[in-house]
Every structure is written in C-alpha cells, then in structure tokens.
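Mind the numbering: the sequence shown is residues 347 to 494 in the numbering used here, read in order.
C-beta: ideal position from N, C-alpha, C; glycine also.
As structure tokens, the structure follows; a few thoughts come after it.
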Amino acid sequence: MSVVKYPPNVGENDCVILFDGVCKLCDFWTQFIVKVDTQQRFKLCSVQSPEGQSILNYFKMPTDHFDTMLLVEGNQCFDKSDAFLNTMSKLSYPWRLFTAFKILPKGIRNWLYDRIARNRYYLFGRYDSCMLPSKENENRFLKGDVGE
347 MSVVKYPPNV
357 GENDCVILFD
367 GVCKLCDFWT
377 QFIVKVDTQQ
387 RFKLCSVQSP
397 EGQSILNYFK
407 MPTDHFDTML
417 LVEGNQCFDK
427 SDAFLNTMSK
437 LSYPWRLFTA
447 FKILPKGIRN
457 WLYDRIARNR
467 YYLFGRYDSC
477 MLPSKENENR
487 FLKGDVGE
C-alpha cells in the first residue's frame, strides 16, 4: 500500500490558491474569491508567506519571482489558465461559465494569461508589502498547521 504525499500544510481535500501578496490585481482576486466562494471551498495563501514558500518548494516552482497563480488540490498543482479555469469551475453560476474558455488551446490561453501576468504591476499596481487578511476573513487563509 503506497502512501500519498501532500504538500506542506495541504490536506487531501484542500483547494489552496497561491497568489502574489503584493500585486493589486491578485488582491482583487482574493477579495473576489472570499466574496463569491460562499461554500468556502478555497483557502488562500500568499506566495511570500512561509506556507506559500514551502508549497512552491514542494512543487519545484520558483520562490523568488511569481508569474502565475497556482491552484493546489490535494497533491496536484495547476498554474496559469488551468489554475484560473479550475478555480472558476468550482464557483457557482454565473462564474463557472468562464470554463467555456477551455475550448481554446492551452497554448493560446496561457499566452493571454502571461501577457496579463507580466504586466500586472504596471497595469494594476503593487503594494510595498503583503496585505494582511481582515479579522472576518483570516480563517480563509492557509496557516501552517495542516499535516504537521
């Protein structure tokens, strides 16, 4: 019997969105998820946090520059347009309609994703440091206590 290994702080049924904590677009994204994910399927985690850094290391992703959001589901990791579309597929109507974009070839989807990701600071701005979650939403953010 083989034992399935999970990333640090992530359990079998967890869905964790890793995001750039100083990016204003990413901050908007996390606020959107908190608002529309009424079933609280997702936990959020800044890539700059110790928990985010350990998950990036687990998946052998860069820890010093962040060009994509990641969606971690148990022991699987999705990036770029797959992360976005898989996230949208777990939200309620009308948000799951975005999954229709899966008909586009992945190369085209990721090319579009990369254009936004590379220019996000220029287009949307950045914070000097990571924003802290509000008291009412801090339970939505990953803490280093799962599986330890």
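From this set, Arg486, Asp360, Phe487, which residue's C-alpha is nearest Gln422's C-alpha?
Out of Arg486, Asp360, Phe487, Asp360 has the C-alpha closest to the C-alpha of Gln422.
Count the other CB atoms within 10 Å of the CB of Gly398; is the residue buried (16 or more) or exposed (fewer)?
So Gly398 ends up on the buried side.
Does the region 428-445 touch the region 468-475, meaning 3 or more C-beta pairs lie closer than 8 Å?
In short, these stretches do not touch, since the Cβ pair count stays below three.
Determine the direct distance from the alpha carbon of Cys369 to that of Val380, and round the result to whole angstroms.
Answer to the nearest angstrom: the Cα atoms are 17 Å apart.
Within 8 Å, do at least three Cβ pairs link the region 382-391 to the region 402-415?
Taking 8 Å as the limit for Cβ pairs, the verdict is that the region 382-391 does not touch the region 402-415.
Residues bridged to Val362 by DSSP?
Answer is Lys389, Val418.
Threshold first: 4 residues or longer. Then list the alpha helix (DSSP H) segments lying entirely within the region 396-463, N to C.
Qualifying alpha helix (DSSP H) stretches, in chain order: 396-404, 426-435.
Using the Cβ count rule (16 or more neighbours within 10 Å means buried), how would you classify Ser392?
So Ser392 ends up on the buried side.
I'd like to confirm the pairing. Which residues does DSSP put opposite Cys369 in its beta bridges?
Looking at the DSSP assignment, Cys369 forms a beta bridge with Arg472.
What separation, rounded to the nearest whole angstrom, lies between the Cα atoms of Phe378 and Lys351?
Using only the alpha carbons, I get a separation of about 30 Å.
If you drop the 5 nearest sequence neighbours on each side, which residues of the same chain put their C-beta closer than 8 Å to that of Gly493?
Residue placement at Gly493 is poorly supported in this model, since its pLDDT is 43, which falls under 50; the coordinates are not used for a value here.
So which of Phe487, Lys426, Ser438, Asn483 has the shortest CA-CA distance to Arg464?
Selected option, being the one with the closest Cα: Lys426.
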